[in-house]
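See below for the structure under consideration.
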Amino acid sequence: MSKEKFEADLDFEKALEDLEKIVDKLEKGGLSLDKTLEEFSRGMKLLKFCHDKLDKAEKKVEIMLKEGDEFSQEKPFADEIEVD
C-alpha cells in the first residue's frame, strides 16, 4: 500500500484506535513471528502518521497564536512548560 493511499484512508482518531489495537495484540503475544513483524510494521507506520498529524496541528496552533491581535509571542504547550 502506497503512503498516499495509507494516509488517505485514515484520520488521526482512526489511526490512534488502530495503533491501540495493535499494541494490545502484541502485548498479549501468541502471534507467529511473521504476523508479529507485520503488526509491528503497521504499528510503526501508524505511529509516524499520528506523530506527523500532531506536529502539523501544533504548528497551526502556533501560527494562530502568533497571528491573533492579543498574542505577540509564541505560547508553549502545557507539556513544554518547565516545572521545578
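Going by UniProt numbering, the sequence shown opens with residue 1, and the numbers climb by one from there.
C-beta atoms are modelled at their ideal positions from N, C-alpha and C, and glycine is treated no differently.
Since we're looking at a predicted model, the values are computed, not measured.
### Query
Helix, strand or coil for LEU10 per DSSP?
coil
#### Entry: Inter-residue CB distance, ALA15 and LEU46 (contact presumed, cutoff 8 Å)
5 Å
### Through-space distance from LYS66 to ASP24, alpha-carbon basis
40 Å
### Task
For LEU10, collect the residues of the same chain with a Cβ closer than 7 Å to its Cβ; drop the 5 residues on either side in sequence, then sort them by chain order.
PHE49
#### Entry: Inter-residue Cα distance where the pair is SER41 and GLY30
17 Å
### Message
How far does the alpha helix (DSSP H) with GLY43 in it extend, from its first residue to its last?
### Response
Annotation: the continuous alpha helix (DSSP H) that includes GLY43 extends over 33 to 67.
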